[in-house]
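Novice:
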Amino acid sequence: MERKRLNVFRLSYINLRGGGFRTGVLVFVVAMLSFSLLVGTIVSNSLSNGLLTAKDRLGADIAVIPAGHEAEYEGVILSGEPIRFYFDKSVQSQLAGMEGIEKAAGQFFLTSLSSECCSEAVQIIGIDLADDFVTTPWISNVYKSGMRDGEIIVGSDVYPDDDGTVTFYNVKYDVVAQLEKSSTGMDYSVFTTENTVRDLAKAAHEIGYTQNADFFETDVDNSLSVVHLKLADGYDTGKIVSKIRREIDGIDIVRSSELFQGLSDKLGLFSRFIGTVSWAIWLLAAAVLSALYAFGVNARKREFAVLRLLGATRKRVVSVVFCESVLVSVFGSIIGLSLAALTIFPFSTYIGDRLGLPFLLPDSGHISAAFIFSLIVSLASGTVSAVFAAVKLAGAETYITMREGE
Amino acid sequence: MVVIIKNLTKEYSRGGRVFKAVDSACLTLTPGDFISIIGKSGSGKSTLLNMIAGLTVPTSGSVTFDDNELFSLSDTEISNYRNLKIGYVPQGQSLLSKLTVLENVLLPYHMAEKSGDGAETAEKLLEKVGIAHLSGSYPKHLSGGEMKRAAIARALINSPELLLVDEPTGDLDAQTTDDVLSLIKSAAGSGTAVLMVTHDTDAVSYSNRQYEMRSGKLLESAK
Numbered sequence: 001m002e003r004k005r006l007n008v009f010r011l012s013y014i015n016l017r018g019g020g021f022r023t024g025v026l027v028f029v030v031a032m033l034s035f036s037l038l039v040g041t042i043v044s045n046s047l048s049n050g051l052l053t054a055k056d057r058l059g060a061d062i063a064v065i066p067a068g069h070e071a072e073y074e075g076v077i078l079s080g081e082p083i084r085f086y087f088d089k090s091v092q093s094q095l096a097g098m099e100g101i102e103k104a105a106g107q108f109f110l111t112s113l114s115s116e117c118c119s120e121a122v123q124i125i126g127i128d129l130a131d132d133f134v135t136t137p138w139i140s141n142v143y144k145s146g147m148r149d150g151e152i153i154v155g156s157d158v159y160p161d162d163d164g165t166v167t168f169y170n171v172k173y174d175v176v177a178q179l180e181k182s183s184t185g186m187d188y189s190v191f192t193t194e195n196t197v198r199d200l201a202k203a204a205h206e207i208g209y210t211q212n213a214d215f216f217e218t219d220v221d222n223s224l225s226v227v228h229l230k231l232a233d234g235y236d237t238g239k240i241v242s243k244i245r246r247e248i249d250g251i252d253i254v255r256s257s258e259l260f261q262g263l264s265d266k267l268g269l270f271s272r273f274i275g276t277v278s279w280a281i282w283l284l285a286a287a288v289l290s291a292l293y294a295f296g297v298n299a300r301k302r303e304f305a306v307l308r309l310l311g312a313t314r315k316r317v318v319s320v321v322f323c324e325s326v327l328v329s330v331f332g333s334i335i336g337l338s339l340a341a342l343t344i345f346p347f348s349t350y351i352g353d354r355l356g357l358p359f360l361l362p363d364s365g366h367i368s369a370a371f372i373f374s375l376i377v378s379l380a381s382g383t384v385s386a387v388f389a390a391v392k393l394a395g396a397e398t399y400i401t402m403r404e405g406e
Numbered sequence: 001m002v003v004i005i006k007n008l009t010k011e012y013s014r015g016g017r018v019f020k021a022v023d024s025a026c027l028t029l030t031p032g033d034f035i036s037i038i039g040k041s042g043s044g045k046s047t048l049l050n051m052i053a054g055l056t057v058p059t060s061g062s063v064t065f066d067d068n069e070l071f072s073l074s075d076t077e078i079s080n081y082r083n084l085k086i087g088y089v090p091q092g093q094s095l096l097s098k099l100t101v102l103e104n105v106l107l108p109y110h111m112a113e114k115s116g117d118g119a120e121t122a123e124k125l126l127e128k129v130g131i132a133h134l135s136g137s138y139p140k141h142l143s144g145g146e147m148k149r150a151a152i153a154r155a156l157i158n159s160p161e162l163l164l165v166d167e168p169t170g171d172l173d174a175q176t177t178d179d180v181l182s183l184i185k186s187a188a189g190s191g192t193a194v195l196m197v198t199h200d201t202d203a204v205s206y207s208n209r210q211y212e213m214r215s216g217k218l219l220e221s222a223k
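Chains H and P, in that order, are what the protein sequence lines are. Counting from 1, position 355 in the first sequence corresponds to residue 355 in this note's numbering; the numbering is continuous, with no gaps. Counting from 1, position 68 in the second sequence corresponds to residue 68 in this note's numbering; the numbering is continuous, with no gaps.
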């Protein structure tokens with residue numbers, strides 16, 4: 001059997017295999033570099049994507065809610081914290097009649113309980129199908145035929161019972177669809193028609209749901225929790241808000257731009273922090289790699305000089321170091337990127353929860369781009385450092401290099 | 001191959017002063033020659049050897065082989081000359097530590113991209129230098145003499161026309177010195193021109209022409 005030729009690749013492989021600790025350190029540094037780059041890029045992209053999707057999902061310019069419930073409303077929208085509040089349904093018709101308001105859609109909020117009567121404690125949102133422009137477009141993505149009374153659509157993080165149903169206040173409903181992940185409170189909410197949610201409210205009353213006495217003072221059939229408004233083109237939001245405040249008592253107004261502004265600021269700050277940390281790690285890793293390769297090549301002066309006196313060209317000597325650095329970078333990157341993928345993808349929901357920010361993984365195209373970006377930067381950092389050191393050495397006179405390496 | 005060395009000079013600067021490590025050396029090597037150059041440490045022997053191998057660029061003068069002026073060639077051409085025409089046994093330990101003895105011997109053969117794997121040739125050479133049983137061993141397990149024998153086998157793998165040997169007996173005992181010098185002499189006997197530099201006065205007796213290097217000057221001495 002013919003022996004394997006001692007070409008550049010095989011020499012590099014043998015050198016790395018015999019390199020032991022030195023090879024291990026280089027692989028570790030490249031793995032750390034690619035890990036931090038991929039995690040940093042995907043977390044940053046996921047936060048931006050989460051915010052964009054959250055803005056997109058709300059779809060309304062203004063939300064009108066009962067006075068004193070602004071913070072609770074933000075809790076529903078951003079994190080799906082179950083809450084109830086009501087005002088008179090007539091607010092919707094008042095708003096719909098105002099100049100500059102193109103659409104006005106009401107929603108009725110109810111909460112379920114974490115007790116025997118209910119599958120789990122979630123926010124139940126009743127939608128006025130005739131006027132809704134906020135949730136219906138997203139529902140139609142997953143349930144084309146349109147939601148009917150008695151049907152339930154659940155958010156991406158709400159799990160139906162094994163038989164595909166959910167039970168609220170001892171009434172069982174078929175889950176007909178599940179929404180795509182949005183990284184907003186919608187993921188932890190369930191949606192149904194306004195009629196169904198009102199029936200549920202009555203069912204809650206019948207089984208003695210008495211945690212909040214004010215609930216029973218609510219005229220369920222003539223109440224709403226929020227009215228979402230879409231303004232007509234050319235109208236100034238500020239002027240409309242002032243007009244609503246003047247004409248309707250007992251309300252609070254939440255502008256979507258304001259709702260997301262604080263979040264956007266927080267997210268921008270966090271993204272910049274992640275970006276800075278990622279690039280700091282890259283700089284550190286690049287510096288460590290440069291130093292390691294420079295020391296490594298320096299310590300191997302005699303080895304490279306021997307290759308030269310046996311007939312290796314300068315290009316061949318540089319190629320050996322280049323090939324070693326590519327092998328180290330590829331191996332290190334595979335380890336780093338795999339660890340990053342194992343950290344990010346299975347735990348994206350947990351990471352989002354811990355961050356307390358909308359966190360939505362980007363689509364596969366963006367994820368692939370992040371992988372390629374991290375791989376290229378890791379490969380380039382390692383190989384440029386190595387080749388720089390090798391070119392410097394190969395340019396020196398071999399005899400002197402040989403003597404220096406003794 | 002005939003190698004003609006004409007007025008070869010190498011100047012270095014030390015402490016702001018220029019000195020000639022090799023001063024106008026002239027020498028002609030023909031097939032079968034076994035030339036030894038004796039001289040004290042620092043006399044310029046190794047520098048001369050490295051210029052003939054194309055490893056050190058001279059300040060002036062020329063090295064010509066087969067009508068080619070060595071230092072007018074490209075790095076690739078000089079490297080090919082070193083790989084195919086020259087066998088070089090450097091001073092001290094020169095085996096690559098991560099390769100086995102056999103792989104070390106095969107290295108110049110595989111660099112030349114010759115057909116076949118060269119293993120048979122390498123094994124025969126290892127047998128000739130008496131270390132065939134160590135072909136799978138790594139340099140760290142070899143004695144000084146065994147490493148020198150492996151380096152000689154490596155230098156001969158591409159059947160060179162010129163064998164350059166730098167201080168082959170520096171750290172060897174008397175018996176091993178004799179074995180190593182006999183191997184070098186046998187290479188000359190098979191038509192290879194051999195140029196050996198040494199400070200060992202006994203070693204020169206194996207050669208058929210002797211020179212002395214003194215303060216960079218190459219002087220022919222009577223046998």
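Heads up, the beta-carbon is just placed ideally off N, CA and C, and yes, glycines get one too. Just so we're clear, the structure is a prediction, and the values are computed from it rather than from any experiment.
(1) In angstroms with no decimal places, state the Cα-to-Cα distance between P/Glu167 and P/Asn50.
(2) H/Gly155 and H/Val190 - do their beta-carbons sit closer together than 9 angstroms?
(3) Sort out for me which residues DSSP pairs P/Tyr211 with in a bridge.
(4) Any idea what DSSP makes of P/Leu29, helix, strand or coil?
(5) Please report how far the alpha carbon of H/Ser44 lies from the alpha carbon of H/Val288, in whole angstroms.
(6) For H/Arg308, return the contacting residues in chain P, with the cut-off set at a CB-CB distance below 9 angstroms.
(7) Chain P partners of H/Ala312, CB-CB under 7 angstroms?
(8) Within 10 angstroms of its Cβ, does H/Trp279 collect 16 or more other Cβ (buried), or is it exposed?
(9) Can you list, in chain order, the residues of its chain with a C-beta nearer than 7 angstroms to that of H/Leu393? Leave out the 5 residues immediately preceding and following it.
(10) Look at H/Leu129 and H/Tyr169 and say whether their C-beta atoms are less than 9 angstroms apart.
(11) How would you list, in chain order, the residues of chain H whose beta-carbon sits under 7 angstroms from the beta-carbon of P/Lys98?
(12) Using a cut-off of 7 angstroms between C-beta atoms, extract the partners of P/Leu107 located in chain H.
(13) Whole angstroms is fine: what's the gap from P/Val239's alpha carbon to P/Tyr12's?
(14) Secondary structure at P/Val129, three-state DSSP: helix, strand or coil?
(15) Can you look up H/Leu37 in the DSSP assignment and give me helix, strand or coil?
(16) Classify P/His110: buried if its beta carbon has 16 or more other beta carbons within 10 angstroms, exposed otherwise.
(17) Examine chain P for any beta-carbon lying closer than 9 angstroms to the beta-carbon of H/Arg354, and answer yes or no.
(18) Take H/Ala67 and list the residues in its own chain whose beta-carbon comes closer than 7 angstroms to its own, dropping the five residues that flank it on each side.
(19) H/Ala104 bridges to which residues according to DSSP?
(20) Just how far apart, CA to CA, sit H/Leu38 and H/Val320?
(21) Look at the Cβ atom of H/Ala228, then the Cβ atom of H/Gly382, and state whether they are nearer than 9 angstroms.
(22) Please check the pair P/Val3 and P/Phe65, which I expect to be a contact at CB under 8 angstroms, by giving their CB distance rounded to whole angstroms.
(23) Distance check for H/Ser36 and H/Ile335, CA to CA, integer angstroms please.
(24) For H/Leu16, which option in H/Trp138, H/Arg314, H/Leu360, H/Tyr293 has the closest C-alpha, if you only look at C-alpha atoms?
(25) Would you mind telling me which residues of chain H sit closer than 7 angstroms to P/Ser94, beta carbon to beta carbon, in chain order?
(26) Cβ of H/Glu303 less than 9 angstroms from any chain P Cβ?
(27) For H/Arg22, decide whether its Cβ has a neighbour in chain P, counting only Cβ atoms nearer than 9 angstroms.
(28) If we ignore side chains and look at the alpha-carbon of each, how far apart do H/Ser12 and H/Thr313 end up?
(29) Which runs of the alpha helix (DSSP H), 4 residues or longer, sit entirely within the region 127-183 of chain H?
(30) Apart from the five residues on each side of it in sequence, which residues of its chain come closer than 7 angstroms, Cβ to Cβ, to H/Leu51?
(31) Among P/Ser215, P/Ser205, P/Lys217, which one has its Cα closest to the Cα of P/Ser36?
(32) Report yes or no: do the region 219-233 of chain H and the region 57-65 of chain H share at least 3 C-beta pairs separated by less than 8 angstroms?
(33) Since I believe H/Ile42 is in contact with H/Ile367 (beta carbons under 8 angstroms), could you give me their beta-carbon distance rounded to a whole number of angstroms?
(34) Could you name the residues of the same chain whose beta carbon sits closer than 8 angstroms to that of H/Phe28, not counting the 5 residues immediately before and after it, in chain order?
(35) Taking 9 angstroms as the threshold (C-beta atoms), are H/Ser46 and H/Val377 in contact?
(36) Between the region 82-95 of chain H and the region 158-178 of chain H, are three or more C-beta pairs nearer than 8 angstroms?
Specialist: In this structure, then:
(1) Walking along the second sequence from the start, residue 167 of chain P turns up at place 167. Walking along the second sequence from the start, residue 50 of chain P turns up at place 50. Cα to Cα, P/Glu167 sits roughly 13 angstroms from P/Asn50.
(2) On the first sequence, position 190 is the one that residue 190 of chain H refers to. On the first sequence, position 155 is the one that residue 155 of chain H refers to. Against a cut-off of 9 angstroms, the Cβ pair of H/Gly155 and H/Val190 comes out as a contact.
(3) As a first step, residue 211 of chain P is located in the second sequence; it is residue number 211 there, counting from the start. Residue pairing of P/Tyr211 in beta bridges, as defined by DSSP: P/Ile37, P/Glu220.
(4) What you label residue 29 of chain P is simply residue 29 of the second sequence in a count that begins at 1. DSSP places P/Leu29 in strand when its eight states are reduced to three.
(5) By 1-based counting over the first sequence, the position of residue 44 of chain H is 44. By 1-based counting over the first sequence, the position of residue 288 of chain H is 288. Per the coordinates, the alpha-carbon of H/Ser44 lies some 25 angstroms from the alpha-carbon of H/Val288.
(6) As a first step, residue 308 of chain H must be located in the first sequence, where it is residue number 308. Result: Leu55, Ser79, Arg82.
(7) To locate residue 312 of chain H, count along the first sequence from 1; it is residue 312. Identification of chain P residues near H/Ala312 by a Cβ-Cβ cut-off of 7 angstroms yields Ser79, Met111, ordered along the chain.
(8) Here residue 279 of chain H refers to the residue found at position 279 of the first sequence. If you draw a 10 Å sphere on the C-beta of H/Trp279, you find fewer than 16 other C-beta atoms in it, and that means exposed.
(9) In the first sequence, residue 393 of chain H corresponds to position 393, counting from 1. Cβ within range, chain order: Val297, Lys301, Phe304, Thr401.
(10) Within the first sequence, residue 129 of chain H is the residue found at index 129, counting from 1. Within the first sequence, residue 169 of chain H is the residue found at index 169, counting from 1. In this structure, the beta-carbon distance from H/Leu129 to H/Tyr169 does not fall below 9 angstroms.
(11) Working through the second sequence from its first residue, we reach residue 98 of chain P at position 98. Taking the beta carbon of P/Lys98 as reference, the chain H residues within 7 angstroms of it are Ile14, Asn15, Gly18, listed in sequence order.
(12) The residue labelled residue 107 of chain P in the question sits at position 107 within the second sequence. Under the 7 angstroms cutoff, chain H gives Leu6, Leu310.
(13) The structure shown does not extend to residue 239 of chain P, since chain P is modelled only from 1 through 223, so no value can be given for it.
(14) Taking the second sequence and counting its residues from 1, the one referred to as residue 129 of chain P is at position 129. Reduced to three states, the DSSP call for P/Val129 is coil.
(15) Taking the first sequence and counting its residues from 1, one reaches residue 37 of chain H at position 37. Annotated three-state conformation of H/Leu37 is helix, per DSSP.
(16) Position 110 of the second sequence, counting from 1, holds the residue named residue 110 of chain P. The residue is buried, with at least 16 neighbouring Cβ atoms inside 10 Å.
(17) Here residue 354 of chain H refers to the residue found at position 354 of the first sequence. Contact of H/Arg354 with chain P is not assigned, every C-beta pair being separated by 9 angstroms or more.
(18) What you label residue 67 of chain H is simply residue 67 of the first sequence in a count that begins at 1. Only Gly250, Ile251, Asp252 meet the Cβ criterion.
(19) For the purposes of this step, residue 104 of chain H is taken as the residue at position 104 of the first sequence. According to DSSP, which records beta bridges pairwise, H/Ala104 is partnered with H/Leu229.
(20) Mapped onto the first sequence, residue 38 of chain H falls at position 38. Mapped onto the first sequence, residue 320 of chain H falls at position 320. Distance between H/Leu38 and H/Val320, taken at the CA atoms: about 29 angstroms.
(21) Here the question's residue 228 of chain H lines up with position 228 in the first sequence. Here the question's residue 382 of chain H lines up with position 382 in the first sequence. Sequence inspection shows His at residue 228 of chain H; the Ala mentioned does not correspond to that position. No, the pair does not count as a contact, with Cβ atoms beyond the cut-off.
(22) By one-based count along the second sequence, residue 3 of chain P stands at place 3. By one-based count along the second sequence, residue 65 of chain P stands at place 65. Yes, they are in contact, since the Cβ atoms of P/Val3 and P/Phe65 sit about 5 angstroms apart, within 8 angstroms.
(23) Looking up residue 335 of chain H in the first sequence gives position 335. Looking up residue 36 of chain H in the first sequence gives position 36. If you take the alpha carbons of H/Ile335 and H/Ser36, they lie about 12 angstroms apart.
(24) Counting from one through the first sequence, the residue named residue 16 of chain H turns up at place 16. Ranked by Cα distance from H/Leu16, the first of H/Trp138, H/Arg314, H/Leu360, H/Tyr293 is H/Tyr293.
(25) Here residue 94 of chain P refers to the residue found at position 94 when the second sequence is read from its first residue. Correct list: Val306.
(26) Position 303 of the first sequence, counting from 1, holds the residue named residue 303 of chain H. Yes, H/Glu303 counts as interfacial toward chain P.
(27) The residue you call residue 22 of chain H lines up with position 22 of the first sequence. No, H/Arg22 lies away from the interface with chain P (no Cβ there is under 9 angstroms from its Cβ).
(28) Counting from one through the first sequence, the residue named residue 12 of chain H turns up at place 12. Counting from one through the first sequence, the residue named residue 313 of chain H turns up at place 313. Going by the C-alpha atoms only, they are around 16 angstroms apart.
(29) The region 127-183 of chain H contains these whole alpha helix (DSSP H) runs: 136-142.
(30) As a first step, residue 51 of chain H must be located in the first sequence, where it is residue number 51. Scanning its chain for C-beta atoms nearer than 7 angstroms, with the 5 sequence neighbours on each side dropped, one finds around H/Leu51 the residues Phe260, Leu263, Ser264, Leu267, Pro358, in chain order.
(31) Stepping through the second sequence from its first residue, residue 36 of chain P is reached at position 36. If you compare the alpha carbons of P/Ser215, P/Ser205, P/Lys217 with that of P/Ser36, the shortest gap goes to P/Ser205.
(32) Look at the beta carbons and you see the region 219-233 of chain H touching the region 57-65 of chain H: at least three pairs across the two are nearer than 8 angstroms.
(33) As a working note, residue 367 of chain H is residue 367 in the first sequence. As a working note, residue 42 of chain H is residue 42 in the first sequence. With 8 angstroms as the limit, H/Ile367 and H/Ile42 qualify as a contact, their Cβ atoms being about 7 angstroms apart.
(34) The residue you call residue 28 of chain H lines up with position 28 of the first sequence. So the list reads Gly332, once near-sequence residues are dropped.
(35) Translated into the one-based positions of the first sequence, residue 377 of chain H becomes position 377. Translated into the one-based positions of the first sequence, residue 46 of chain H becomes position 46. Not closer than 9 angstroms, so no.
(36) Contact between the region 82-95 of chain H and the region 158-178 of chain H is absent: fewer than 3 CB-CB pairs across the two stretches fall below 8 angstroms.
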